[in-house]
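Going down the list, the protein sequences come from chains A and B. The first sequence begins at 1 in the working numbering and counts up by one. The second sequence begins at 350 in the working numbering and counts up by one. All C-beta atoms, glycine included, are put in the ideal place defined by N, C-alpha and C. So the structure is just underneath, and the comments pick up after that.
Protein chains: 2
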Amino acid sequence: MPETARRSDHLNATRYGNRPTMKDVAARAGVGLKTVSRVVNGEPGVTPETERRVQEAIDALGFRRNDSARVLRKGRTASIGLVLEDLADPFYGPLSRAVEEVARAHGALLINGSSAEDPDREQELALALCARRVDGLVVIPAGDDHRYLEPELKAGVATVFVDRPAGRIDADVVLSDNFGGARDGVAHLIAHGHRRIGFIGDMPRIHTAAERLRGYRAALEDAGTQVEDSWMSLGVTDPQRVRRAAEEMLAGPDPVTAIFAGNNRVTVTVVRVLAEHSRPTALVGFDDFELADLLQPGVTVIAQDAAALGRTAAERLFRQLDGTLIAPERIELPTRLIARGSGEVPPAV
Amino acid sequence: MPETARRSDHLNATRYGNRPTMKDVAARAGVGLKTVSRVVNGEPGVTPETERRVQEAIDALGFRRNDSARVLRKGRTASIGLVLEDLADPFYGPLSRAVEEVARAHGALLINGSSAEDPDREQELALALCARRVDGLVVIPAGDDHRYLEPELKAGVATVFVDRPAGRIDADVVLSDNFGGARDGVAHLIAHGHRRIGFIGDMPRIHTAAERLRGYRAALEDAGTQVEDSWMSLGVTDPQRVRRAAEEMLAGPDPVTAIFAGNNRVTVTVVRVLAEHSRPTALVGFDDFELADLLQPGVTVIAQDAAALGRTAAERLFRQLDGTLIAPERIELPTRLIARGSGEVPPAV
DNA sequence: CTTGCATATGACAACGTTGTCCAGGCTCTA
DNA sequence: TAGAGCCTGGACAACGTTGTCATATGCAAG
């Protein structure tokens, strides 16, 4: 073994444990650095015999190319970032997976993190990802001001927002048709004879919640019904408060005969409340959930396609990177009403 | 503006879009490269006045430190990799989130990917993460031979396996007590008078499935009952086959009076089948799932704590990195029986 | 005015890889 | 056998950052 090899081994001893580098491999195989690089990358111009020697040295040393260095040299990291609200939320699992599949198809890795619905944390995460020089960023916004990303966009970081629109910045956005979905859901209740329909949803400062509320109002107005304040409960999302809100709507002299639930978690709590009440009350929920069909009655929902959201966003991202895409666009994906029973209950007399 | 600045801007034009570097900032601020580095990293020894000038240049150019280069220089990437089976699976959401939280507490980012239960893809992913020089790796094994990771372990990549043990390699493992949980679940059925108890689960080559089967057998043997082959259905996991298996067990002259379901998906399908049958049959499922309590009757389950699995694994990982940890260990976390009704149904006469 | 010292700043190498370019040896043809 | 052309292989710079070390500046003390 040439002298350089030993020296180099020693020099690298404290870094990354002590991973061998191409230099070490080259020394051991008795070839030049670049030849090793060629073998590792399958570039042409290496004799089978030389290649064999290099390969042997690689195996013997347990060498693995350092992609960090490679990235520094090449300028592209082949990785994209995903900032979402909560990895543990069943809605984001399929979305995240869809993004991953598209990334994989493009040879990219996925780095993701949860903002926990905190705008500061969203920003911190997004910027950390930019510092890692991800090629692109898929963001499910927690905040409503994304001007902090402007320098990054200008610098060429491909960016797509999903599920909620970007704030104060011009960028690609992929959304569900929250307005249309809610309108359809409420119209479905109206078609089954309901007029007094309750709405329980999140704070209207959240875009999806506002849109769904708007759809609710539109459907009732289309039917010529005047919406009463007591029918709506906004900014209510934790089980306790949803429960109280539902019970209030169902009590009183003139109770609602149906409830439209503004999201997943609300729907589930309302199901619990209705199960305890004797008077049958119709229910339609925004967002599908597992086992909704197994409940008695099955829960009628407006389903969004989370995987499609993720896939569409990621595909747009890579088209930005290809240069195929120019102007930012706003894409709305349709929702689908799934009737399972709870939405077809007629109004109690 | 000094001449160098313009030249540098031009040279960098095609890389990372055209992100400014410390060199560009230095040129613009009229200071040395290292001074910029000092300011960016909050190192001491910079006059307030100089700092102001540098900060100004940073803002004007929209500079953000390139962490890839930083990583190359420093040798630690402050990121860990997570290889799991399927991000979209509700079981892995909380696990993944727990790992992320621990990583965040240690200032690390999380890169994750799905193996889709394919050993080759698991290996490909794990090695890709090693090439990125993640500091550590949390792996939910798809395959049962992990010798391919040996060079990486030797090179100092901290590694913890979760949910299933590592194959042919000595490493940290964090598991649920699959054997004990299954035994408890079946014992629960036995305590309610059942003897003829069916088991539907995954292929025994999957460690968790094998352990649960072992627990099932142990409980019945403890009760002095001879297990009959017709009670067990192994390697059955897709809805169609689970359905057929369940129906077979429930038919015939001497049907089972209770079923123990080996995992989540099996449980759900069995619930459907039982709902169609008139004779009441008891059911206990391994793994909790959302809304299990809302069904009629509520589904009794053996719950594992996915978040605890993830947290424990990640914490061990960082203790490996600290050097606090020496010998690999196998940790088993307890499971919990949650009685909700379906497991307390007495045997039909 | 010189010496000594602390403090602010910059020049330079190094991290591990890839792209560019050149050299040496070979084959082929005239 | 010489010249052209191809193939193999290596030297060197560069990617953007940080660590080391040297220098310049200012000020106090002799």
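Asked, Found
"Within-7 Å CB hit, ARG340(A) to chain B", "no"
"Nearest residue (CA-CA) to PHE638(B), options LEU294(A), ALA327(A) and ALA187(A)", "LEU294(A)"
"CB contact check: ASP67(A) to chain B, cutoff 7 Å", "yes"
"Residue from ARG330(A), ILE326(A), LEU325(A) and VAL301(A) with nearest C-alpha to ARG340(A)", "VAL301(A)"
"Within 7 Å, strictly: CB atoms of ILE675(B) and VAL523(B)", "no"
"Burial state of SER525(B) (16 or more Cβ within 10 Å)", "buried"
"Bridge partner(s) assigned by DSSP for SER428(B)", "LEU458(B)"
"Inter-residue CB distance, ARG38(A) and GLY30(A) (contact presumed, cutoff 8 Å)", "In fact, because the Cβ distance is near 15 Å, the residues do not count as touching under 8 Å."
"SER582(B) and ILE539(B) closer than 7 Å at C-beta", "no"
"Buried versus exposed, by CB contacts within 10 Å (16 or more), HIS277(A)", "exposed"
"Interface partners of GLU449(B) on chain A, CB under 7 Å", "LEU87, GLY113 and SER114"
"Backbone secondary structure at MET598(B) - three-state DSSP", "helix"
"Contact the segment 544-559 of chain B vs the segment 603-621 of chain B: 3+ CB pairs below 8 Å", "yes"
"Where the alpha helix (DSSP H) containing GLY564(B) begins and where it ends", "556-571"
"Outcome for GLY601(B) when other beta-carbon atoms lying within 10 angstroms are tallied against a minimum of 16", "exposed"
"Terminal residues of the alpha helix (DSSP H) in which ILE539(B) lies", "527-540"
"For ALA282(A), three-class secondary structure by DSSP", "strand"
"Chain-ordered chain A contacts of GLU639(B) [CB-CB under 9 Å]", "PRO90, VAL268, PHE289, GLU290 and LEU291"
"Per DSSP, cross-strand counterpart(s) of MET581(B)", "PHE548(B)"
"Residues, ordered as in the chain, of the segment 513-547 of chain B that lie near chain A by beta-carbon distance below 8 Å", "none"
"Straight-line Cα distance separating ASP305(A) from SER79(A)", "25 Å"
"ASP184(A) versus ALA219(A) - alpha carbon distance", "7 Å"
"Beta-bridge pairing of VAL299(A) - partner residues as DSSP gives them", "Beta-bridge pairing links VAL299(A) to no other residue."
"Cα-Cα separation, LYS154(A) to LYS23(A)", "37 Å"
"Buried or exposed (CB count within 10 angstroms, at least 16 for buried), ARG212(A)", "buried"
"is_contact[ARG563(B), chain A] using C-beta, thresh 7 Å", "no"
"Min CB distance ALA5(A) to chain B below 7 Å", "For ALA5(A), the predicted model reports a pLDDT of 31, less than 50, meaning its position is unreliable; a value from the coordinates is still stated below. Chain B, which has no Cβ nearer than 7 Å to the Cβ of ALA5(A), makes this no."
"For GLY692(B) and ALA631(B), believed in contact at Cβ under 8 Å, the rounded distance", "6 Å"
"Cβ of GLY672(B) within 7 Å of any chain A Cβ", "no"
"Rounded straight-line distance, which links the Cα of ARG545(B) to that of ASP571(B)", "14 Å"
"Enclosing alpha helix (DSSP H) for GLU405(B) [first to last residue]", "397-410"
"Under 7 Å between C-beta atoms of VAL509(B) and ARG665(B)", "yes"
"Exposed unless 16 or more other CB atoms sit within 10 angstroms - verdict on ALA27(A)", "buried"
"Where LEU458(B) falls, given that 16 or more other Cβ within 10 Å makes a residue buried", "buried"
"Chain-ordered chain B contacts of PRO280(A) [CB-CB under 9 Å]", "None at all; the shortest Cβ gap to chain B is about 16 Å."
"Contacts that THR159(A) makes with chain B (C-beta to C-beta distance below 9 Å)", "Correct list: empty, because the minimum Cβ distance to chain B is about 12 Å."
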